[in-house]
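Protein chains in written order, with the numbering used here: chain A, 1 to 162; chain L, 1001 to 1557. The C-beta atom is built at its ideal place from N, Cα and C for all residues, glycine as well. All figures in this text were calculated on a predicted structure; none of them were measured in a lab.
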Amino acid sequence: MSVVINLNEVITDDWLETSDSDELGSNRSVIISLQRLQRDWDVLQSSDYRIGVELEATDDVEEIREFLPRLDLVALNFNVFADGRAFSQARLLRERLGYRGELRARGDVIRDQLSFMHRCGFTQFQLADSEEVELALNAFSDISDTYQPEIKQIPDCSATSR
Amino acid sequence: MLRSFTMYAYNQIDQKLVDERVEQFRDQTDRFLAGKLDEEVFKQLRLRNGLYVQRHAPMLRVAVPYGILNSDQMRMLGHIARTYDRGYAHVTTRQNFQFNWPALETVPDILAHLAGVQMHAIQTSGNCIRNVTSDPLAGVAPDELEDPRIWCELLRQWSTLHPEFSFLPRKFKFAVTGSRQDRVASQVHDIGLQLVQNGQGEVCFKVLVGGGMGRTPVIGKLIRDFLPRHDLLSYLDAILRVYNLHGRRDNIYKARIKILVNALGIETFREQVEAEWQHLRESDLKLSDQRIDRIRESFQIHKYKDLEDDDGIKDQCAQNPMFNSWYRQNTQAHKIRGYRIVTLSLKNHGQAPGDISDTQMEQVADLADQYSAGEIRTTYSQNLILAQVEQVELYSLWQALTRLRLANPNIGTVNDVICCPGSDFCALANATSIDVSEDIIRRFDALDKLYSIGNIRINISGCINACGHHHVGNIGLLGVDKNGEDWYQITLGGAASNYTALGKVLGPAVAKRDVGEAIEKIIETYVDYRQVDESFLQTLERIGRDPFKARVYVSRH
Ligand code: SF4
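Below is the structure:
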């Protein structure tokens, strides 16, 4: 199972990625696709599942606007690390849509982009299998000051333990 | 007191950022060499630190933000050329310096040396916002509305390690000008920014978007005619966000912003940007007067003397024809009385256009200290400029430059060729470019011949990527591969200034051995047909391409 970093510590991932055809099972925290979210919304919204949704780089974040108050996690997928669309999606979620829940980077998530991701509003990083955890945990302190305005109300990676 | 800006001086934050960036890259390089970093990942990371892997060796492109260096920086470049390279470096059309032979493992050390003199190689390549180019005559041009460098520095900071825009669909280039005369080719950049005055006399930005070279050359389109200066960064964020989300990523040849703008049409693209901008306009990106002032105050000031124009120059010109030629061709008017702007020619026999040796670099640094407020500028046409020279010193400066082989009086002429490195260095090339420019320079070596022709811009690119900007050369040469041989397609009629145009293909490509002669015939045709004071482009416009074609392809008819 891939390692998930929350801000700058490794966490046990209690979220289960669930495909569109799978039954929702005993795991109470599920990550589902945008299509399933739209399809099963009536049932989901009144269930006791914690709901996370995964978006692809081609999805328009506006599509989940109405669901956001009920979502505990949004996962943005990096198909390949060099595809930078999720950076913009993250900022839109935080700054335009006012989303305050967990924002997870998944897919080709590499150490040397973690700091950019965090600065765009990601709080959780599901590392690609190739990545070494120790190295990844140090990634947030590579560069201390940056020139761009900070995204507000996002917890700071460097403020915690390390 | 008459004054102008010279260099931006780093504060602690600027310095720390470049220092930390060096250590970050050192760590990445170590991990790569230890087999702990994937090759494709390392490629993207090294590109964002200016490091390519070329035909023979790595190539390191060092940023010269908006084309200005101080003498210590120039000395450091000379030191690097000697210690880590083969004793020379190359000035590019984007005003940067390139080293062709550094060893990969030494690059972190080179970057550390650069950081020591407030330089870096951040974002000089890769699919990100590239180092911003500007007017080499910033602050000294008589036709300047406002010094663009304050804005360039703001852009440098805004774009450096931008968290959202460091992995764009493709590279992204800015050019900024504050003068009436466009010396930055602003119409052929992803974004061109021109400082202009609106109807109320306020200075604003005219914003052009979607220009570019490469295999689909496009002239930039007007997206906003008067952008308030305080809104510059928020507006650019809006453009970049639309591009980052919607630019094509499935085909690198269709990934530049020009393709997106063309596909949507400028009207729709503008609407999308405006919609985005409404959310960003009043954000923290809005520039306060204090922020702008802080940048302005970080520039060092050069104080001018109150001088008269120097009458002695007339006599010096009359007595010395070589000085006279140099004065007329390689120097130009300065906004301050008693001063002159001097261009150092990097176009000589036996030297690739834009190349400069380690000792030349060090001596230019000394000359800059002695004659030009310690600053040196790099130009789009791959030359250097000393911009603050007192007229009374011109003669002795000329003598010093002559000894250094930097006084060839050919600026703006046929011999002032703009040229990419071609297949001598570049892994992507179809053909050589350096030997072709050498051939041209040799053919037009006699000064009386050169001057009787007048100013014509020749541009050479070794392949369709168009780093030599052949599309906008009055005469453009593009290297093509024909069964493993170097051939060249000729275009006529390009220009990249206030009037910007893309050249049109003259006819079938010609073999390398015939290129020099073809250029000679084109120029002969112009000289034969031109009317008094007519420029190459004017003659071409009047008579069309046929007379040129007839002469170039005569033997094959
Ligand atoms: S135009 Fe082609 S050959 Fe010349 S430098 Fe660019 S990529 Fe290389």
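Between W1158 of chain L and chain A, the shortest Cβ-Cβ separation is below 8 Å. Using a Cβ-Cβ distance cut-off of 8 Å, the segment 1063-1077 of chain L and the segment 1091-1111 of chain L are in contact, since at least three pairs of beta carbons, one from each stretch, lie closer than that value. Secondary structure of L1193 of chain L (DSSP, three-state): strand. According to the DSSP secondary-structure assignment, D1072 of chain L is paired through a beta bridge with no residue.
DSSP links I1301 of chain L through a beta bridge to L:F1005. Of the residues assessed, K1173 of chain L falls on the buried side of the cut-off, its CB having 16 or more other CB atoms within 10 angstroms. The criterion of a C-beta distance shorter than 8 Å is satisfied by Y1243 of chain L and L1260 of chain L. Here K1305 of chain L is exposed, its C-beta having fewer than 16 other C-beta atoms within 10 Å.
L:P1353 is the residue among L:A1407, L:P1353, L:W1487, L:L1406 whose C-alpha sits nearest the C-alpha of P1421 of chain L. Within the same chain, Cβ atoms closer than 8 Å to the Cβ of L37 of chain A are found at L44, I51, V53, I64, F67, the five residues on either side in sequence being excluded. Collapsing the DSSP output to three states places F81 of chain A in coil. Among the residues facing chain L, Y99 of chain A is not included, as its CB has no counterpart in that chain under 8 Å away.
At a cut-off of 8 Å between C-beta atoms, R1249 of chain L counts as an interface residue with respect to chain A. As computed with DSSP, V1554 of chain L is found in no beta bridge at all.
Counting along the chain, F140 of chain A sits inside no alpha helix (DSSP H), nor does DSSP assign it H or E at all. Between K1221 of chain L and I1266 of chain L, the gap from beta carbon to beta carbon is short of 8 Å.
With fewer than 16 other Cβ atoms inside 10 Å of its own Cβ, L1033 of chain L counts as exposed. In this chain, T1379 of chain L is not harboured by any alpha helix (DSSP H), its DSSP state being neither H nor E. Using a Cβ-Cβ cut-off of 9 Å, D1231 of chain L is close to nothing in chain A; its nearest Cβ partner there is about 14 Å away.
At least one C-beta of chain A is nearer than 8 Å to the C-beta of E1020 of chain L. Between A1081 of chain L and M1322 of chain L, the gap from beta carbon to beta carbon reaches 8 Å or more. Remark: the shortest separation between the CB of S1125 of chain L and any heavy atom of ligand 1 does not fall under 7 Å. With the criterion CB distance below 6 Å from any heavy atom of ligand 1, the matching residues run L:C1420, L:P1421, L:G1422, L:C1426, L:L1428, L:A1429, L:S1461, L:G1462, L:C1463, L:N1465, L:A1466, L:C1467, L:G1468 along the chain. Using a 10 angstroms sphere on the CB of T1491 of chain L, the tally of other CB atoms reaches 16 or more, which defines it as buried. No Cβ of chain A is located within less than 8 Å of the beta carbon of N1049 of chain L. Against chain A, the beta carbon of L1245 of chain L has neighbours under 7 Å at R85, S88, listed in chain order. Residue contact with chain A for E1164 of chain L: present (Cβ-Cβ distance below 8 Å to some residue of chain A). In the displayed model, H118 of chain A falls within a helix according to three-state DSSP. Judged by pairs of C-beta atoms under 8 Å, the segment 1405-1414 of chain L does not touch the segment 1431-1438 of chain L, as fewer than three such pairs exist. By the 16-neighbour rule on beta-carbons within 10 angstroms, E1040 of chain L is exposed.
Within 7 Å of the CB of Y147 of chain A, the CB atoms of chain L belong to Q1157, W1158, T1160, in sequence order along the chain. In the DSSP assignment, Y1499 of chain L falls outside any alpha helix (DSSP H), carrying neither H nor E.
For P1148 of chain L, the number of other beta carbons within 10 angstroms of its own is at least 16, and it is reported as buried. In the DSSP annotation of this structure, C1426 of chain L is not part of any alpha helix (DSSP H), being labelled neither H nor E. In the three-state DSSP reduction, Q1098 of chain L falls in the strand class (E or B).
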